[in-house]
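Reviewing the structure listed below.
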Ligand SMILES: *[C@@H]1O[C@H](CO)[C@@H](O)[C@H](O)[C@H]1NC(C)=O
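Numbering (mature numbering (1 follows the signal peptide of the UniProt record, and there is no 0)), first residue to last: -18 to -1, 1 to 195.
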């Protein structure tokens, strides 16, 4: 009871005072982009909370974007956030996604995840939007791949060691030549079984694979 009141006070007093009291500062990681229709891009990212802290560190996830890196004036839409398995020892993994809509075709855009509360902003990142549908002025190079869940003791025995890492290294070498990657499922096996990803819990295996992507 006494402990509960103590936590309540810690949460209430800072918000009355109008500033955030942070036990820990978080930074967005596992930042990645996906296609969201002809003129949109989805930005997804992750934040892991610290030990015993299960609350959402970013209640209003927003990405600012524009065609100039010095003035990001457009704001993302369609906020989604979710968390997966809570683990006392590792905190909670929160996943966020928003959409940047109304993009001009074949244009370089700059974007930044906006920090708030105890979460830092990301650095200013960039991408080139998709070409106009039917634009034949230059080829679009697409790499398609999937089924990366090949490691673990059984996978290593059947396929050889570190196939997941080898596949990612091979794809990374192609980055400068490829406009769009199409991943059709099976990133890795994160299911609490040491046979599939040795010595890693669900959260650790999931974070390892997601961060490597
Ligand atoms: C876009 O981002 C990449 C990767 O961080 C960086 O190397 C590149 O310089 C950036 N390009 C521009 C034009 O800002």
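Note that CB positions come from ideal geometry on N, CA and C, so glycine has one too. Quick caveat: nothing in here was measured; it's all calculated off a predicted structure.
With contacts defined by Cβ atoms closer than 8 angstroms, residue 72 and residue 63 do not form a contacting pair. Distances from the alpha-carbon of residue 99 to those of 38, 166, 130 put 38 closest. The C-alpha of residue 139 is placed about 45 angstroms away from the C-alpha of residue 58. Runs of alpha helix (DSSP H) with 4 or more residues, each lying fully within the segment 70 to 147, are found at 134 to 141, listed in chain order. DSSP, reduced to helix, strand and coil, places residue 46 within a strand of the structure shown. When the Cα atoms are used, residue 153 and residue 10 turn out to be separated by approximately 24 angstroms. For residue 16, the uninterrupted beta strand (DSSP E) segment begins and ends at 11 to 17. For residue 29, the enclosing beta strand (DSSP E) begins and ends at 23 to 30. Take the alpha-carbon of residue 25 and the one of residue 142: they are about 34 angstroms apart. 8 angstroms or more divides the Cβ of residue 125 from the Cβ of residue 45.
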